Ligand code: ASP
């Protein structure tokens, strides 16, 4: 019997997970008690492998270029691409939400409660990027700090002793070892996908049918438009790749992101997909982990849409300059958002407070955050992949 490709396996798992989830609506406790934990085991394994993977793959990416200037040039292109697409993403979110604002309800009651987490201001986020302890970033799985550490050590390796290939080889070997471990774990992803999506459908099924459906729809429309417009154009113009080829090649990662709602968790599969699409391995090993951590176009769209939604619910109309502030803060907030489920909602507090919107408004969308999250994560990782393809083409 011919073996099904991983993409088909994941697709089947996704569809089955949704069907079984629908069957369990109303009895969601069965799905959350027995199926969800297996998904959690799978996510735990991914989380376990992803810290050393990011650490060694960025380090290997840096030393493979053998030249600090080249790292700088790729890094600069990457960051510019990430920032521009993210700012564009919030703008699309804001535009669409404004267009459909009339559909959003105005609230009668205002007894909402949402406690914003303490450190959502920008300077704290900035300081938080730099580790003060060697081991803490690994223990806390703080991706931005791990990236900073791996960049410093990668540069140091290049500077210390340009001749000693053996040091480079040991980093590359360690990188290969964790890549292999990752491959083994990724093979389990059809099971993981099934067990992750099924309880979400079972729990959220009825909730999504309510009035929140409209804001969800607007967000998904914006996700879709952004992905189709921006990423198609980018891969077509910069790399001459047909958008169809791109999205088709990305399907396994897209389905995985959709069910796991974690950019960092999707990183291993994303690496495989972009390499199959012809991205340079040295570039993807540098651009993707960075993207999974700082590039969140879907999250930015979500923040734009939710800001308008929450404003409407409270009967507030935002001015043009407030919208510009949202573009800026959402772009920055998306950098500080960790690539794990639910992180974007925490950062929404920063966006809302930047324009004086009530942070309690988050309570309105919190119940179905997972559904927003699945879409925004999908956009997030597709953006990372498009950047990898673009930068690979530019460097050629
Ligand atoms: N879950 C998203 C991600 O991993 C982040 C977010 O919550 O917006 O990309």
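Residue numbers (our numbering): 1336 to 1731.
Note that CB positions come from ideal geometry on N, CA and C, so glycine has one too.
Note that the structure is predicted; figures quoted are calculated from it, not measured.
Please classify residue 1395: does DSSP put it in a helix, a strand, or coil? Here the question's residue 1395 lines up with position 60 in the chain shown. Helix.
How big is the Cα-Cα spacing for residue 1343 and residue 1352? Position 8 of the chain shown, counting from 1, holds the residue named residue 1343. Position 17 of the chain shown, counting from 1, holds the residue named residue 1352. Taking the straight line from one Cα to the other gives about 14 Å.
Distance between residue 1587 and residue 1668 (C-alpha atoms, nearest Å): As a position in the chain shown, residue 1668 is number 333, starting the count at 1. As a position in the chain shown, residue 1587 is number 252, starting the count at 1. The straight-line gap from Cα to Cα measures roughly 28 Å.
Cutting at 8 Å between CB atoms, please list the residues of its own chain near residue 1661, excluding the five before and the five after it. Reading the chain shown from its first residue, position 326 is the one you call residue 1661. For residue 1661, same chain residues with a beta-carbon under 8 Å away, outside a window of 5 residues either side, are 1425, 1429, 1638, 1639, 1642, 1653, 1686, 1689, 1690 in chain order.
Which of the three DSSP states is assigned to residue 1631 in this structure? Reading the chain shown from its first residue, position 296 is the one you call residue 1631. Residue state, collapsed to three classes: coil.
Given this structure, state the Cα-to-Cα distance separating residue 1409 from residue 1726, to the nearest angstrom. Position 74 of the chain shown holds residue 1409. Position 391 of the chain shown holds residue 1726. Cα-Cα distance, rounded: 7 Å.
Skipping 5 residues on each side, what residues in its chain have a beta carbon closer than 8 Å to that of residue 1571? Translated into the one-based positions of the chain shown, residue 1571 becomes position 236. Hits under 8 Å: 1577, 1578.
Does the beta-carbon of residue 1411 have 16 or more other beta-carbons within 10 angstroms, so that it is buried, or is it exposed? Against the chain shown, residue 1411 aligns to sequence position 76. The residue is exposed, with fewer than 16 neighbouring Cβ atoms inside 10 Å.
Going along the chain, which residues of its own chain have a beta-carbon closer than 6 Å to the beta-carbon of residue 1534, five neighbours each way excluded? Stepping through the chain shown from its first residue, residue 1534 is reached at position 199. Hits under 6 Å: 1366, 1367, 1370, 1371.
Need the endpoints of the alpha helix (DSSP H) that residue 1558 sits in, please. Locating residue 1558 in the chain shown gives position 223, where the first residue counts as 1. 1547 to 1561 is the extent of the alpha helix (DSSP H) around residue 1558.
With C-beta atoms as the reference, is residue 1386 less than 9 Å away from residue 1630? Position 51 of the chain shown, counted from the first residue, corresponds to residue 1386. Position 295 of the chain shown, counted from the first residue, corresponds to residue 1630. Not a contact, by the Cβ cut-off of 9 Å.
Go ahead and label residue 1605 buried or exposed: buried means 16 or more other beta carbons lie within 10 angstroms of its beta carbon, across all protein chains shown. For the purposes of this step, residue 1605 is taken as residue 270 along the chain shown, with counting starting at 1. When all chains shown are included, residue 1605 counts as buried.
Nearer than 8 Å: is that true of the beta carbon of residue 1702 relative to any heavy atom of ligand 1? One-based indexing of the chain shown puts residue 1702 at position 367. False, no ligand heavy atom lies under 8 Å from that Cβ.
Please indicate yes or no: does the CB of residue 1603 lie closer than 8 Å to some heavy atom of ligand 1? For this step, residue 1603 is matched to residue 268 along the chain shown. Result no, Cβ not under 8 Å from ligand 1.
Between the alpha carbons of residue 1500 and residue 1362, how many angstroms are there, rounded? Locating residue 1500 in the chain shown gives position 165, counting from the first residue. Locating residue 1362 in the chain shown gives position 27, counting from the first residue. Each residue's Cα considered, the two are about 59 Å apart.
Specify the secondary structure class of residue 1370 as computed by DSSP and reduced to three states. Translated into positions along the chain shown, residue 1370 becomes position 35. Three-state result, residue 1370: helix.
Does residue 1614 come out as helix, strand or coil in the three-state DSSP assignment? One-based indexing of the chain shown puts residue 1614 at position 279. It is coil, neither helix nor strand.
Quick check on residue 1491: buried or exposed, where buried means 16 or more other Cβ atoms within 10 Å of its Cβ? In the chain shown, the residue the question calls residue 1491 occupies position 156. Its Cβ having fewer than 16 others within 10 Å, residue 1491 is exposed.
For residue 1528, I'd like the list of residues in its chain whose CB is within less than 6 Å of its CB, leaving aside the five on either flank, ordered along the chain. Along the chain shown, read from residue 1 onward, the residue named residue 1528 stands at position 193. Cβ neighbours of residue 1528 beyond the five flanking positions: 1345, 1348, 1349, 1594.
Give every residue whose Cβ lies closer than 6 Å to any heavy atom of ligand 1, listed in chain order. 1596, 1597, 1598, 1631, 1634, 1672, 1674, 1675, 1676, 1677, 1678, 1679, 1708, 1711, 1712, 1715
Along the alpha helix (DSSP H) that carries residue 1566, what are the first and last residues, could you check? Here residue 1566 is taken as the residue at index 231 of the chain shown, counted from 1. Segment: none, residue 1566 is in no alpha helix (DSSP H) and carries neither H nor E.
Kindly list the residues whose CB is nearer than 6 Å to the CB of residue 1754, restricted to its own chain and excluding five residues on each side of it in sequence; keep chain order. Outside the displayed span of the chain (1336 to 1731) sits residue 1754, for which this structure offers no information.
For residue 1584, does the count of other Cβ atoms within 10 angstroms reach 16, so buried, or fall short, so exposed? In the chain shown, residue 1584 corresponds to position 249, counting from 1. Buried, because 16 or more other Cβ atoms sit within 10 Å of the Cβ of residue 1584.
Whole angstroms is fine: what's the gap from residue 1659's alpha carbon to residue 1519's? Residue mapping note: residue 1659 aligns to position 324 of the chain shown, counting from 1. Residue mapping note: residue 1519 aligns to position 184 of the chain shown, counting from 1. For residue 1659 and residue 1519, the distance between alpha carbons rounds to 45 Å.
Residues of its chain near residue 1672, where Cβ-Cβ distance is below 7 Å and the 5 sequence neighbours each way are ignored: For the purposes of this step, residue 1672 is taken as residue 337 along the chain shown, with counting starting at 1. Taken in chain order, the residues that qualify are 1631, 1634, 1678, 1679, 1682.
Considering only the beta carbon of each residue, do residue 1700 and residue 1547 sit closer than 9 Å? Sequence index remark: in the chain shown, residue 1700 carries index 365 (1-based). Sequence index remark: in the chain shown, residue 1547 carries index 212 (1-based). For residue 1700 and residue 1547, yes; Cβs fall inside 9 Å.
If you draw a straight line from the C-alpha of residue 1375 to the C-alpha of residue 1655, how long is it? Here residue 1375 refers to the residue found at position 40 when the chain shown is read from its first residue. Here residue 1655 refers to the residue found at position 320 when the chain shown is read from its first residue. The straight-line gap from Cα to Cα measures roughly 43 Å.
With DSSP run on the structure shown, which of helix, strand or coil describes residue 1469? Position 134 of the chain shown holds residue 1469. Residue 1469 falls in the coil class under three-state DSSP.
Please report the straight-line C-alpha distance between residue 1481 and residue 1650, rounded to a whole angstrom. To locate residue 1481, count along the chain shown from 1; it is residue 146. To locate residue 1650, count along the chain shown from 1; it is residue 315. Computed Cα separation, rounded: 43 Å.
Indicate whether the contact test is met: 3 or more Cβ pairs, each with one atom in the region 1619 to 1628 and one in the region 1703 to 1710, closer than 8 Å. no
Residue 1607 and residue 1714: beta carbons closer than 9 Å? Along the chain shown, read from residue 1 onward, the residue named residue 1607 stands at position 272. Along the chain shown, read from residue 1 onward, the residue named residue 1714 stands at position 379. Cβ distance not < 9 Å, so residue 1607 and residue 1714 don't count as in contact.
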